[in-house]
Amino acid sequence: MPSSPVLSYSIPQRLIHWLMAGLILFNLLFAEAMEELSEAVEEGQTPAPDMIASANIHAYVGIAVLCLGAIRVILRLTHRAPEAPAEEPPLGRLAAKVAHLAFYALFFVMPLSGIGKYYFGNDTAGFLHGGPLKLLMWVLIVVHILAVLVHQFYWKTDVAMRMTRG
Ligand code: HEM
Ligand code: HEM
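Residues in the sequence shown are numbered consecutively from 1, following my numbering.
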């Protein structure tokens, strides 16, 4: 028997979407302490305790993203996601699939590369973390927000609703 279509994201999915969006934006915008700490360690200086404390906040927020990302994968597989609206052209659907998949990949590789640098001193991981992965995250966020605006005002679909009021 075919399962009934899902019309909206479930409440746990919606809560995790907005919680993770907040945590990710926090880490994207507040990473100076981590950069300063990395520089201080490379220059052989002893980092100040407040610098270490701020850097740890970045680390724990990022680790929270990793854990929530794992829960989110399970929810996505069990609660599934609503179908793309009929108004959205096939290319838009494909772009959304690729972008969402890339977001899911970043929920893991972004924190893991940070862990590689912070706890294991791996410079390649540090380069990926603060370079291409950071850039990809920003690009995806901007495109994602633009896509939601196009849905809302051009195609006039209900996608904003299904991630908010349901
Ligand atoms: C979603 C999670 C995360 C995001 C969005 C994020 C974002 C960032 C950003 C924007 C920078 C500044 C890079 C630059 O402009 O040079 C940075 C640096 C850094 N982050 Fe994260 N981060 C995350 C998770 C983590 C985690 C979990 C750790 C470690 C436990 C971590 C460790 C570091 C370190 C060590 C640096 C300094 C890299 C360097 O300068 O060599 N990050 N992060
Ligand atoms: C760091 C920020 C963000 C990330 C990482 C993110 C990630 C995602 C992902 C992966 C999905 C696919 C659904 C899922 O599996 O949960 C999604 C859906 C959605 N997001 Fe975001 N998001 C972010 C910020 C935002 C913002 C600021 C808005 C508001 C404009 C927004 C609005 C939506 C909407 C309306 C959907 C539902 C799309 C649909 O029905 O297919 N997101 N988001």
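For every residue, glycine included, the Cβ atom is placed at its ideal position computed from N, Cα and C.
For residue i, which residues from the same chain have a beta carbon less than 6 Å from its beta carbon, with the 5 sequence-adjacent residues on both sides left out?
i: Ala55; result: Ala33, Met34 and Leu37
i: Gly116; result: Asn122 and Ala125
i: Leu128; result: Ser113
i: Tyr104; result: none
i: Pro47; result: Leu37 and Ala40
i: Gly62; result: Asn27, Pro111 and Gly114
i: Arg72; result: Ile16
i: Val142; result: none
Let me know if residue i comes out buried or exposed under the rule of 16 or more other beta-carbons within 10 Å of its beta-carbon.
i: Val139; result: exposed
i: Val159; result: buried
i: Leu101; result: exposed
i: Phe107; result: buried
i: Gly166; result: exposed
i: Ile24; result: buried
i: Glu39; result: exposed
i: Tyr60; result: exposed
i: Tyr119; result: exposed
i: Glu88; result: buried
For residue i, which residues of its own chain have a beta-carbon under 7 Å away from its beta-carbon, when the five flanking residues on both sides are left out?
i: Met163; result: Tyr9, Arg14 and His17
i: Val109; result: Leu133
i: Glu83; result: Pro5
What are the boundary residues of the alpha helix (DSSP H) that residue i is part of?
i: Asn27; result: Ile11 to Leu29
i: Thr77; result: Residue 77 is actually Leu in this sequence, not Thr. That run of the alpha helix (DSSP H) goes Pro49 to His79.
i: Asp123; result: Asp123 to Gly130
i: Met110; result: Pro90 to Phe120
i: Ser38; result: Glu32 to Glu42
i: Met161; result: Val159 to Arg162
On the premise that residue j lies in contact with residue i, defined as a C-beta separation below 8 Å, what is that separation, rounded to the nearest angstrom?
i: Met20; j: Leu68; result: 5 Å
i: Leu75; j: Pro111; result: That pair is no contact at about 18 Å.
i: Ala147; j: Ala96; result: 7 Å
i: Ala31; j: His58; result: 6 Å
Going along the chain, which residues of its own chain have a beta-carbon closer than 8 Å to the beta-carbon of residue i, five neighbours each way excluded?
i: Met137; result: Ile24, Leu28, Leu106 and Met110
i: Pro85; result: His151, Trp155, Thr157, Asp158 and Val159
i: His79; result: Val6, Tyr9, Ser10, Pro12 and Gln13
i: Met51; result: Ala33, Glu36, Leu37 and Ala40
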